[in-house]
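Here the structure comes first, spelled out in structure tokens, and everything after it is commentary.
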Amino acid sequence: MQEHTVNILEKNYFHPLHTSIHPPEKFNNPFYYEPHPLCLLASKELQELIPHLPLDDEGKMFGILVGNYQGQLGYLAAYSGQIAPIREMRKNTKIKETENSILNFFVPAVFDYLQPEGYFKIHENEISRINKDIHNLSTASCLLELKDRYTSLQAESALFIKEKTIAAQKAKIRRDIYRQKGEITPEEQEAMIKESQFLKAEVHRAKIKYTKPLTELQQQINTKLKEITKLKKERKEKSDMLQHWLFSQFKMANAKGKYKNLLAIFKDTAAIIPPSGSGECCEPKLLQYALTHNIQPLCIAMFWWGKSPKTDIRHHLHYYPACNGKCKPILQWMLQGIDVEKNPLEINEHQTLQVIYDDPHLAVINKPEGMLSVPGKNHRESVLSITQQKYPNIEGPIIVHRLDMATSGLLVIAKDTDTYINLQKQFANHTVRKRYVALLEHDIEPGCGTISLPLIPDIMDRPRQNVDWEKGKKAITQYKTIGKRRILLYPQTGRTHQLRVHCAHPEGLNNPILGDMLYGERADRLYLHAEYLEFTHPITGERVHFSITPSF
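Rendered as structure tokens:
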């Protein structure tokens, strides 16, 4: 144990905290937490060091784990992923003392696979060589010339066949007109038949003329492409084997003293195979070091430093929960044996559902914040489950549209299939009018406008959404300010988290909705409320509208 003490203090991974702040009774849930004062204190120390790091233009996630080591309170620090220049500095034994302290401030990787002469780099270099060969073959002049000749000959073929086809069509029109003028002699009939047969044969000969040379060129191209396809197959096999090997080397500890590699951890999840980068986020790095060095974990927090990425939304110095895609299966394993706070999002609490309009065909309800529209994986109480109990005779689908769990406000539900289909069409045709009210984190200049940012799900951290100008789906929101931080939002499309992302994203309002723990900072609730809903009643044909004042 003394050896660990020397190792920790000499390399400066464990940083003492001298404070009267009491540790929490339970380890905070990394997927839903308010940073503990000890984490805030440790983060402040870390943030004074970060400006001296060789970071690139984009920001980075940093993490703090406060722990107890042999009765001493302190913390560990980590960053997600890699900081390449730091690796280069580590190899230099003549670095300055100040640089050395920076290098040894952060816990090491769970598994350092980037050793220049190590297994991973050797096989990665093999894959890089295959990539180079594929690029050289794909851009080789002989292949490009063959493709150009094929394209030109194909165009020439199409033009020639078109000319022959048009000539045959024009001749047919002339014959038809001549026949309509009156009786024709047998000789004329025979001549027209011969002309028709000849011109059809001309079209056929035109097609045959180019078939052989086009086929020969395609065969030559295929021969070249076959070599490229073979290399791509080899690249995939080597890449898969290397990833498999890498994941097997990440042996994650838990508080019970047991170990599992990433392949075993993800085997029974929906992903089956660990996503790229698994095990390299702050949380597993910090827990791995703590659990393998007899440091008792007390609390953890992760914050973003720097510019927000172009797609994802991260705000400088904001704290964020662990991601679901990469980290959740790993942390569920590593936290076994640690008394962890419950995630409020996974606790099933009974809530009441206010019905503000009710008739035989539909109902309009006021959904409270914190209630799901439809049941999730943990079968929490939802609008659907409550309405099924309240209206046991409903036939067909019920939920016409949804609100995020954290959003409160108006929802219309259908009590029969015809009403459901009618309302669905109204939403699809954008004839339903909706208005939301929100409170933002910061003051906003008076005015109105339109935000258009295409959205796509973050497959590594659902239900988060990213902005993607190439693959994202169109999302449009109109807005109007009605106070220093109060704003009205009019969604013209209905994408998941649309209003939240459009407010928070730098290319949107760059001002998160208050209490948005995914795209901004936590508060006592998400201050977003669907206050107005207008649609055509499917049975009466009347235009009906409903409103409900928010509690904030």
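Remember, this note's numbering sits 38 above the position in the sequence shown when you count from 1. Where a beta carbon is used, it is the ideal one built from N, C-alpha and C, also for glycine. Fair warning: this is a prediction, and the values are worked out from it, not measured in the lab.
Please work out which residues of its chain come closer than 8 Å, Cβ to Cβ, to T131, disregarding the five sequence neighbours upstream and downstream, and give them in chain order.
Low confidence applies here, because T131 scores a pLDDT of 45, under 50, leaving its location unreliable; read the following figure in that light. Cβ neighbours of T131 beyond the five flanking positions: none.
For the putative contact between V145 and A116, defined by C-beta atoms under 8 Å, what is the C-beta separation to the nearest angstrom?
With 8 Å as the limit, V145 and A116 qualify as a contact, their Cβ atoms being about 5 Å apart.
What residues in its chain sit with their C-beta under 8 Å from that of S314, if we drop five residues either side in the sequence?
Result list for S314: Q281, in chain order.
For the alpha helix (DSSP H) holding Y107, just list the boundary residues, first then last.
Premise fails: Y107 lies in the beta strand (DSSP E), K98 to Y107, not in any alpha helix (DSSP H).
Do S179 and the ligand ATP come close, with the Cβ less than 8 Å from some heavy atom?
Ligands displayed in this structure: none; no statement on the ligand ATP is therefore possible.
Leaving out five residues before and five after E240 in sequence, what residues of the same chain have Cβ atoms less than 6 Å from its Cβ?
Answer for E240: K202, listed in chain order.
Reducing DSSP to helix, strand and coil, say where K245 ends up.
DSSP places K245 in helix when its eight states are reduced to three.
Look up P484 in the DSSP assignment and say whether it is helix, strand or coil.
DSSP places P484 in coil when its eight states are reduced to three.
Give me the residue from I437, G317 and L564 with the minimum Cα distance to V475.
Per the Cα distances, L564.
Evaluate T515 with the Cβ neighbour count: other Cβ atoms within 10 Å of its Cβ, from every protein chain shown; 16 or more gives buried, anything less gives exposed.
With 16 or more Cβ atoms within 10 Å of its Cβ, T515 is classed as buried.
Examine the Cβ distances between the region 490-507 and the region 360-368 and report whether three or more of them are shorter than 8 Å.
Yes, since at least three Cβ pairs between the region 490-507 and the region 360-368 fall closer than 8 Å, the two stretches touch.
Can you tell me whether F288 is buried or exposed, with buried defined as 16 or more other CB within 10 angstroms of its CB?
Classification of F288: buried, given that the 10 Å Cβ count is 16 or more.
At what residue ranges does the region 307-380 contain a whole run of the alpha helix (DSSP H), taking only runs of 4 or more?
You should have 320-329 and 365-372.
Apply the 10 Å Cβ neighbour rule to P54 and answer buried if 16 or more other Cβ atoms are within range, or exposed otherwise.
Under this definition P54 is an exposed residue.
Quick check on C541: buried or exposed, where buried means 16 or more other Cβ atoms within 10 Å of its Cβ?
C541 should be labelled buried.
Taking C-alpha atoms, which residue in L284, K298, H388 and S346 lies nearest to Q153?
Among L284, K298, H388 and S346, the Cα nearest to that of Q153 belongs to L284.
Mind checking which residues open and close the alpha helix (DSSP H) that includes E572?
Unbroken run through E572 is the beta strand (DSSP E), L566 to T574; no alpha helix (DSSP H).
Exposed or buried, what is F236 when buried is set at 16 or more other beta-carbons lying within 10 Å of its beta-carbon?
With fewer than 16 other Cβ atoms within 10 Å, it is exposed.
Are L369 and E419 touching if we call contact CB-CB under 9 Å?
The answer is no: Cβ separation not under 9 Å.
How long is the line joining the alpha carbons of T16 and H353, rounded to whole angstroms?
Because the chain is modelled from 39 through 590, residue 16 falls outside the range shown and cannot be assessed.
If you pair each beta-carbon of the region 174-187 with each one of the region 222-237, do three or more pairs fall below 8 Å?
No: the two stretches stay apart, fewer than three of their Cβ pairs being nearer than 8 Å.
Any contact of the region 102-111 with the region 406-416, i.e. 3+ C-beta pairs under 8 Å?
In short, these stretches do not touch, since the Cβ pair count stays below three.
I need the DSSP call for I494, collapsed to helix, strand or coil.
In the structure shown, I494 sits in a strand (DSSP, three-state: E or B).
Since P492 and K518 are thought to touch, with beta carbons under 8 Å apart, how far apart are those beta carbons, to the nearest angstrom?
Not really, about 22 Å apart at Cβ, beyond 8 Å.
Using beta-carbon positions only, say whether F52 and L93 come within less than 9 Å of one another.
Result no, Cβ atoms of F52 and L93 do not sit closer than 9 Å.
Less than 8 Å between the CB atoms is what I'm expecting for E233 and A205, so what's the real figure, rounded?
That belief does not hold up - the Cβ atoms of E233 and A205 are roughly 11 Å apart, past 8 Å.
Quick one: what's got a C-beta closer than 6 Å to I88's C-beta in the same chain, skipping five residues either side?
Excluding positions up to five away in sequence, the list reads W343.
Taking the alpha helix (DSSP H) that L84 falls in, what are its first and last residues?
P75 to L87 is the extent of the alpha helix (DSSP H) around L84.
My assumption, with CB atoms under 8 Å, is that P62 sits in contact with C337. Please give the rounded CB distance.
With 8 Å as the limit, P62 and C337 qualify as a contact, their Cβ atoms being about 5 Å apart.
According to DSSP, is T203 helix, strand or coil?
Helix, per DSSP.
Which residues does DSSP list as the beta-bridge partners of R581?
R581 is bridged to T574.
Take Y570 and list the residues in its own chain whose beta-carbon comes closer than 6 Å to its own, dropping the five residues that flank it on each side.
Contacts found: R473 and S585.
Here's the rule I'm using: 16 or more other beta-carbon atoms within 10 Å means buried, otherwise exposed. How should N404 be labelled?
Classification for N404: buried.
At what residues does the alpha helix (DSSP H) containing Y458 begin and finish?
Start and end: T455 to A466.
Grouping DSSP H, G and I as helix and E and B as strand, with all else coil, what is H56?
Three-state result, H56: coil.
In the DSSP assignment, what residue or residues form a beta bridge with F65?
V378.
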